[in-house]
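Residue numbers (the numbering used here): 2 to 151.
Ideal Cβ placement from N, Cα and C applies to all residues, glycine included.
Let me begin by presenting the structure, written as structure tokens, before commenting on it.
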């Protein structure tokens with residue numbers, strides 16, 4: 002499974018937002034500058050994240066974006082699904098949720114493989130919380146500043 006730029010850039014943007022928005026809302030332009038992303042593309046990603054409740058927008062002179070929930074309540078899976086849709090490795094897995102499902106699902110031997118892969122992906126991304134990524138980021142920043150003991 003390959004994630005598109007939506008998932009990759011969106012995850013970077015949410016981590017950046019979480020690191021910088023503890024005291025005030027953060028502008029799209031500041032996130033875009035720090036992450037070397039297009040402001041217009043980031044605006045689109047933030048719209049999807051806002052609809053999913055992961056971020057919230059604040060209007061006005063001091064406006065921008067903040068997290069919609071505490072980092073302990075946001076998983077990487079939440080972020081990726083908001084941006085990418087379902088994380089199924091093959092298109093036929095998405096059909097299981099639709100009426101009628103996949104035409105050959107009852108006789109499909111490979112379905113077992115796709116289901117196991119899908120379960121592993123979802124378990125992994127749902128098990129990684131934004132708060133964990135923030136802690137990792139802070140530790141790496143400390144090491145870059147020469148304050149970590151290795």
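Asked: Continuous beta strand (DSSP E) assignments of at least 3 residues falling wholly in the segment 49-113; Found: 56-59, 65-68
Asked: Distance between residue 115 and residue 143 (C-alpha atoms, nearest Å); Found: 40 angstroms
Asked: Distance, residue 93 Cα to residue 32 Cα; Found: 36 angstroms
Asked: Residue range of the alpha helix (DSSP H) that includes residue 7; Found: 6-21
Asked: Proximity winner among 19, 81, 28, relative to residue 183 (alpha-carbon distances); Found: Since the displayed the chain opens at 2 and closes at 151, residue 183 lies outside it and no answer follows.
Asked: Residue range of the alpha helix (DSSP H) that includes residue 30; Found: 29-36
Asked: Close beta carbons around residue 150, own chain, < 7 angstroms, minus the five adjacent residues each side; Found: Because residue 150 sits at a pLDDT of 48, beneath the cut-off of 50, its placement in the model cannot be relied upon, and the point is left open.
Asked: Distance, residue 139 Cα to residue 24 Cα; Found: 17 angstroms
Asked: Beta-carbon proximity of residue 64 to residue 26, cut-off 7 angstroms; Found: yes
Asked: Buried or exposed (CB count within 10 angstroms, at least 16 for buried), residue 56; Found: buried
Asked: Residue 19 beta carbon less than 7 angstroms from that of residue 88; Found: no
Asked: Residue 48 to residue 16 span [Cα, whole Å]; Found: 16 angstroms
Asked: Cross-strand partners of residue 135 (DSSP beta bridge); Found: DSSP output for residue 135 lists no bridge partner at all.
Asked: Top-ranked residue by Cα proximity to residue 113, from 127, 135, 90, 129; Found: 90
Asked: Per-residue burial, residue 110 [other beta carbons within 10 Å of its own, 16 or more giving buried]; Found: exposed
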